[in-house]
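To start, the structure under review is shown below, and the notes come after it.
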Ligand code: NI
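In the numbering used here, the protein residues as written are 2 to 203.
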């Protein structure tokens with residue numbers, strides 16, 4: 002009997018060791034995997050050449066050097082885009098001078114209708130720190146895909162169309178690295194907290 006008990010004990014100990022090692026490996030894999038996808042300058046984004054709302058050429062270089070917010074939407078959006086850009090201007094205002102380095106870009110998912118002129122009037126209605134970006138539809142589509150943003154034309158009853166699209170605000174640090182998102186409707190404290198961290202405000 003004692004010998005059987007001893008054997009059982011050894012097997013239990015070995016099994017415990019095995020499963021805890023497996024758990025540790027899985028934990029390390031998961032943590033490192035998460036870290037990789039967040040901090041590696043990732044497979045998010047791409048180089049591009051589009052037009053800003055002043056009619057000038059703009060490239061991915063505009064996203065580096067300053068803490069940056071990127072939002073995809075369209076000027077005819079009935080609710081989500083105006084709400085988001087209005088809230089965004091409120092975050093900037095709340096951070097005041099400390100957050101003066103923060104900049105934002107509003108990239109059209111409806112470049113066929115959103116001309117630079119229309120983007121300018123729209124973006125400037127929410128302040129002078131949001132730059133509208135539009136341009137060649139194929140190039141815009143490539144940027145949308147590279148950011149893993151969802152954007153689709155939805156036909157309306159009057160024969161026109163509206164756009165359905167991802168409503169998250171992407172956060173990019175000074176080195177051009179993706180740092181997370183602010184969700185649509187995220188509360189003010191949470192959003193401004195993320196922007197403070199992004200801008201390095203203590
Ligand atoms: Ni929208």
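Here a beta-carbon is modelled for each residue, glycine too, at the ideal position from N, C-alpha and C. Note that the structure is a prediction, hence the values are computed from the model and not measured.
Is residue i near ligand 1, going by C-beta to nearest heavy atom under 7 Å?
i           : result
residue 133 : no
residue 171 : no
residue 186 : no
residue 136 : no
residue 74  : yes
residue 81  : yes
residue 149 : no
residue 54  : no
What separation, rounded to the nearest whole angstrom, lies between the Cα atoms of residue i and residue j?
i           : j           : result
residue 160 : residue 124 : 27 Å
residue 58  : residue 129 : 18 Å
residue 52  : residue 203 : 35 Å
residue 115 : residue 197 : 31 Å
residue 87  : residue 127 : 6 Å
residue 75  : residue 175 : 26 Å
residue 66  : residue 92  : 20 Å
residue 122 : residue 78  : 14 Å
residue 141 : residue 156 : 20 Å
residue 144 : residue 45  : 10 Å
residue 85  : residue 192 : 11 Å
residue 173 : residue 149 : 15 Å
residue 104 : residue 200 : 10 Å
residue 80  : residue 62  : 30 Å
residue 158 : residue 99  : 47 Å
residue 179 : residue 95  : 23 Å
Which stretch, first to last residue, makes up the alpha helix (DSSP H) that contains residue i?
i           : result
residue 180 : Per DSSP, residue 180 belongs to no alpha helix (DSSP H); it is in the beta strand (DSSP E), 179–183.
residue 85  : 81–96
residue 141 : 138–147
residue 191 : 189–200
Quick check on this structure: which residue in the options has the alpha carbon closest to the alpha carbon of residue i?
i           : options            : result
residue 132 : 49, 173, 45, 54    : 54
residue 195 : 89, 137, 112, 136  : 89
residue 152 : 158, 112, 50       : 112
residue 154 : 83, 164, 60        : 164
residue 50  : 173, 149, 147, 137 : 137
residue 182 : 60, 69, 62         : 69
residue 48  : 101, 177, 118      : 177
residue 83  : 120, 61, 95, 103   : 120
residue 117 : 56, 180, 158       : 56
Hey, quick one: how far does the beta strand (DSSP E) through residue i stretch, first residue to last?
i           : result
residue 1   : As shown, the chain starts at 2 and ends at 203. That puts residue 1 outside it, with no answer to give.
residue 156 : 152–156
residue 166 : 162–166
residue 53  : 50–53
residue 105 : 104–109
residue 133 : 131–135
residue 60  : 58–60
residue 47  : Taken as a continuous stretch (DSSP letters only), residue 47 belongs to no beta strand (DSSP E), as it is neither H nor E.
residue 76  : Element bounds for residue 76: n/a, residue is neither H nor E.
Is there at least one non-hydrogen atom of ligand 3 closer than 7 Å to the beta-carbon of residue i?
i           : result
residue 203 : Only ligand 1 can be found as ligands here, which leaves ligand 3 out of the picture.
Would residue i pass as an interface residue toward chain B - the criterion being a Cβ-Cβ separation below 8 Å?
i          : result
residue 61 : The chain labelled as chain B is not found in the depicted structure, where only one protein chain is given.
Practice task
Say whether the segment 60–79 touches the segment 165–181, bearing in mind that this needs 3 or more beta-carbon pairs closer than 8 Å, one atom from each stretch.
Solution key: yes
Practice task
Please determine if the segment 184–193 and the segment 102–114 are in contact, where contact requires at least 3 C-beta pairs separated by less than 8 Å.
Solution key: no
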